[in-house]
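Remarks on the structure that follows.
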Amino acid sequence: MSAEPRINDRIRVPEVRLVGPSGEQVGIVPLAKALELAQEYDLDLVEVAATARPPVCKLMDYGKFKYESAMKAREARKNQAHTVIKEMKLRPKIDPHDYDTKKGHVVRFLKQGDKVKITIMFRGREQSRPELGYRLLQRLAEDVQDLGFIESNPKQDGRNMIMVLGPHKKKTEAMAEARQAQEARKAEAKANPGRSQNAADADAVNAEGEADVVSAEADVEAPAEASAEA
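Each position in the sequence shown, counted from 1, maps to that position plus 624 in my numbering.
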């Protein structure tokens with residue numbers, strides 16, 4: 625069945641409880657009279673409460689009503705905060721440069737209001753040294769304690785050790801701050817038109833570079849983990 629309300633000549637009842645264009649109560653009137661009033665106002669007769677007895681109908685511009693409803697729904701979806709769990713994989717004997725790089729990604733995820741699942745992958749004889757993974761997870765948690773907290777303590781899961789970090793900042797707060805920063809950049813670009821395009825290009829390159837790094841890490845490490853399990 626269609627979720628669209630019945631309008632105009634699709635309404636099949638002898639009489640309706642009519643609401644005027646400004647929300648005023650007209651009262652119970654025959655359907656023919658309601659349709660006549662709709663034509664006089666150059667509006668649509670829209671059934672807004674089909675289960676009422678008699679059904680409630682309102683005089684309105686149905687096309688405009690649908691458009692405004694769609695815009696409100698779109699804005700509501702845009703402001704929704706979806707909790708996302710990002711994942712970062714590390715080796716117990718990770719070198720300092722790789723550690724700093726991956727810590728930077730964890731920092732960025734927490735600033736965005738997302739949770740981060742940290743996975744330490746053990747291979748071969750490393751499995752007999754779980755304390756290496758535990759110390760690494762504790763070190764990472766301490767390094768980002770200003771942005772996040774340990775939501776799930778480190779625990780062994782087969783050949784891996786897993787810990788989940790939760791952000792101090794709520795997702796909605798992170799989204800609001802991101803919008804404010806974007807508006808500030810736009811205002812700065814208007815004030816300095818000479819450098820606006822270069823700055824925008826630089827931001828785009830940096831964003832793409834970060835996305836490529838995370839994507840590449842996922843693509844490289846996932847097969848490696850699978851081969852270790854095999």
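The beta carbon of each residue, even a glycine, is placed where N, CA and C say it ideally should be.
When secondary structure is reduced to three states using DSSP, Lys682 falls in the strand class. For Gly772, the uninterrupted beta strand (DSSP E) segment begins and ends at Gly772 to Asp781. The C-beta of Ala656 has fewer than 16 other C-beta atoms within 10 Å across all chains shown, which makes the residue exposed.
In terms of Cβ geometry, Pro720 and Ile744 do not form a close pair [threshold 8 Å].
Taking the Cα positions, Gly757 is about 19 Å away from Gly772. In the structure shown, the three-state DSSP call for Arg641 is strand. Under a 10 Å Cβ-count criterion, Pro645 is classified as exposed, with fewer than 16 other Cβ atoms of the shown protein chains found around its own Cβ. If you draw a straight line from the Cα of Asp685 to the Cα of Asp668, it is about 6 Å long. With distances taken between CA atoms, Leu659 lies nearest to Leu642 out of Leu764, Asp724 and Leu642. The region 768 to 782 makes no contact with the region 804 to 816, as fewer than three CB pairs between them are under 8 Å. Ala673 carries a strand assignment under DSSP once its states are collapsed to helix, strand and coil. Taking 8 Å as the cut-off, the beta carbon of Glu639 is found closer than this to the beta carbon of Val653. Counted as a single uninterrupted DSSP element, the beta strand (DSSP E) harbouring Leu714 occupies residues Ile709 to Leu714.
Around the beta carbon of Val740, 16 or more other beta carbons lie within 10 angstroms, which makes this residue buried.
In the displayed model, Gly651 falls within a strand according to three-state DSSP. Exposed is the label assigned to Ala700, since fewer than 16 other Cβ atoms lie within 10 Å of its Cβ. The DSSP-derived three-state label of Asn816 is coil. In the three-state reduction of the DSSP assignment, Leu667 falls in the coil class, being assigned neither a helical nor a strand state.
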